[in-house]
Amino acid sequence: MLNTALSSTSGARVHRLSMAVAVAVALIAAAGMAPSTAHAQAGFGLPDFTVLVEKVGPAVVNIRTQEKGRPTGEGSGFIISADGYVVTNAHVVSGATEVTVSLPDKREFKAKIVGADDRTDVALVKVEATGLPTVKTGDVSKLKVGEWVLAIGSPFGLENTVTAGIVSAKQRETGQEVSFLQTDAAVNPGNSGGPLISLRGEVVGVNSQSLSRVGFGGVSFAIPIDEAMRVVDQLRASGHVIRGYLGILPVDVPRELAEEYKLGKDKARGAFVRQVVQGAPADKAGVQPGDVVLTVNGKAVDGAVDLRRTLGGLKPGTAVTLQINRQGKALTLTANLSELNDATAAAEGADKPAPGGKASAAAKNWGIEVTELTAADKQAARRNTGVKVAKVSDGAESVGVRVGDVIIGVGSFDVTDVKQFDGIVSHIDKKRPLPLHVLRGNFATFVPVPPSDN
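Heads up: the sequence shown is residues -40 to -1, 1 to 414, going by mature numbering (1 follows the signal peptide of the UniProt record, and there is no 0).
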């Protein structure tokens, strides 16, 4: 009797559930939407990613590089034109003498590097083919924080791997030439250069970097596709990117000067001029070390990275009006930009280490000695702050820290130079691990370095 009652109740529930589902499907059909689409739009469960993968996946490629016959790396890319233009990261093809592009349909092509821009980490390669599948690029301005995105690429050589996450932040500043899209989609070595895809099936970013405490997964960064395509257009036209050059070394305004110059205590406006290159446009216009650049052609300057980005987006020959704060006094100066090239970039970043490049042994307790970053180091790392590992032993060596690594943080503190690094390290208990954030290539990793055995 009890079983019969239960069975009858279950049958009634099933009948009511069936009716509810039937009504829901009818309503969805009446609205002209497929059930899976409706669920995705209404937020009932996860979106159906399969359609996106089928749409974009055929145009995502694996890229293998060789240098003088030796395999040197692997990454990803995506096809933007049916005649074989492929977008990837500059660091994927850097130094390569041979590039091979593999499609998901197993076709392989030798590729030519059309151009690469280290400052934005964007490169363009070309294969000789026609009728290739292509991606559609999207509008980053329509992308919202919290939206689902997909990453497709070849992490650890595993081709056509799909991962999903959400947009965690837009315009994330990391001290580099571009402001990034931040996501939590898993991006690992080999994903570099692959597409970040919106639910509209459009490429909204070029996967470039990841930050992890364990060496994989974690937080990832993508170059916004509008920024990447501006670079791609120039690479396609001339093989390189043309940027305006002022001839200063800008840094963020030191807090003590911000208060003295009345620039704001919480977030100082402008960019502090540390150095002026002799004979450069800034020098001719009368800019001096110690000046603070507040605006460029009326556009407010929000720190050193913003100033470099603004100037780099202008063409050589452009006249720029600079509003300057010089020791609390307002000035207006005009400069005519020249072209940024390797020689001028080296001069602009010529705050090389102290004479002799003497290494600091403040962290010797953990088996590490560091030096200041050279101009070449900064260009390779695409950042102006940090210190370079000059020597490793004992504790550091045991956890994989290498000579040439760039230390960008200690615990919760960002590292700007050797003096600051030494100051942070001096307050850490020598019996405890040294919590380092280390940049190697394009991947930053958290490494707790144990004390050396003394």
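Note that the Cβ used here is the ideal one computed from N, Cα and C, for glycine as well.
Decide if the stretch 92 to 105 is in contact with the stretch 122 to 131; the criterion is three or more beta carbon pairs, one per stretch, under 8 Å apart.
yes
Thinking C-beta only, is V347 closer than 8 Å to K377?
The identity of residue 377 in the sequence shown is Asp, whereas the question assumes Lys. For D377 and V347, yes; Cβs fall inside 8 Å.
Could you tell me the boundaries of the alpha helix (DSSP H) in which V236 lies?
Segment 231 to 236 is the beta strand (DSSP E) holding V236; no alpha helix (DSSP H) there.
Between T48 and R24, is the Cβ-Cβ spacing less than 8 Å?
no
Helix, strand or coil at T143 according to DSSP, with G and I counted as helix
Residue state, collapsed to three classes: strand.
Are three or more beta carbon pairs between the stretch 404 to 412 and the stretch 320 to 340 nearer than 8 Å?
yes
If I measure Cβ to Cβ from K275 and keep anything under 8 Å in the same chain, skipping five residues before and after, which residues do I get?
Cβ within range, chain order: I202, G204, L297.
Give a yes or no on contact between the stretch 336 to 345 and the stretch 133 to 146, applying the rule of three or more CB pairs nearer than 8 Å.
yes
Using only CA atoms, which one of V252, A50, V95, D99 lies nearest to A83?
A50
Assuming contact is defined by CB atoms lying nearer than 8 Å, are A71 and V46 in contact in what I supplied?
Yes, the pair counts as a contact, with Cβ atoms nearer than the cut-off.
Once DSSP output is grouped into helix, strand and coil, what is the label at E299?
DSSP places E299 in strand when its eight states are reduced to three.
Using 8 Å as the threshold, is the C-beta distance between V261 and F232 below it?
no
For P31, which residues does DSSP report across the bridge?
Q26
Neighbourhood of P249 by C-beta distance below 7 Å, restricted to the same chain and skipping five residues each side:
The residues are V233, R234, Q235, V236.
Determine the DSSP secondary structure at P18, reduced to helix, strand or coil.
Here P18 carries a helix assignment [DSSP, helix/strand/coil].
Kindly confirm or deny that the stretch 110 to 119 and the stretch 10 to 20 touch, where touching means at least three C-beta pairs closer than 8 Å.
yes
Assuming the contact rule is C-beta atoms closer than 8 Å, L282 and L293 should be a hit. Round their C-beta distance to whole Å, please.
5 Å
Here's a check: name, in chain order, each residue in its chain whose Cβ is nearer than 7 Å to the Cβ of D311, leaving out the five neighbours to either side.
Because D311 sits at a pLDDT of 42, beneath the cut-off of 50, its placement in the model cannot be relied upon, and the following sentence gives the value as read from the coordinates. Result list for D311: L209, R234, Q235, in chain order.
With a Cβ-Cβ cutoff of 8 Å, do I183 and V166 count as a contact?
yes
Is DSSP giving D266 helix, strand or coil here?
Helix.
For a test of the three-state rule: what should DSSP assign to Q169, helix, strand or coil?
strand
With distances taken from CA atoms, which of E329, T334, D337, G369 is nearest V352?
The option with the nearest alpha carbon to V352 is E329.
Would you call the CB atoms of S54 and V21 closer than 8 Å?
No, these two residues do not count as a Cβ contact at 8 Å.
Do V13 and G153 count as a contact pair if the criterion is CB distance below 8 Å?
no
Going by DSSP, which residues form a beta bridge with W108?
I126
Where T376 falls: helix, strand or coil (DSSP)
coil
For G355, report the span of its beta strand (DSSP E) as first-last.
It is not in any beta strand (DSSP E) - G355 instead sits in the alpha helix (DSSP H) that spans 354 to 358.
Residue range of the unbroken beta strand (DSSP E) whose run includes A71:
68 to 77
Please confirm whether S180 and V147 have their CB atoms less than 8 Å apart.
yes
Same chain, Cβ closer than 7 Å to G91, neighbours up to 5 away in sequence not counted
A42
If you reduce the DSSP assignment to three classes, tell me which class Q287 lands in.
coil
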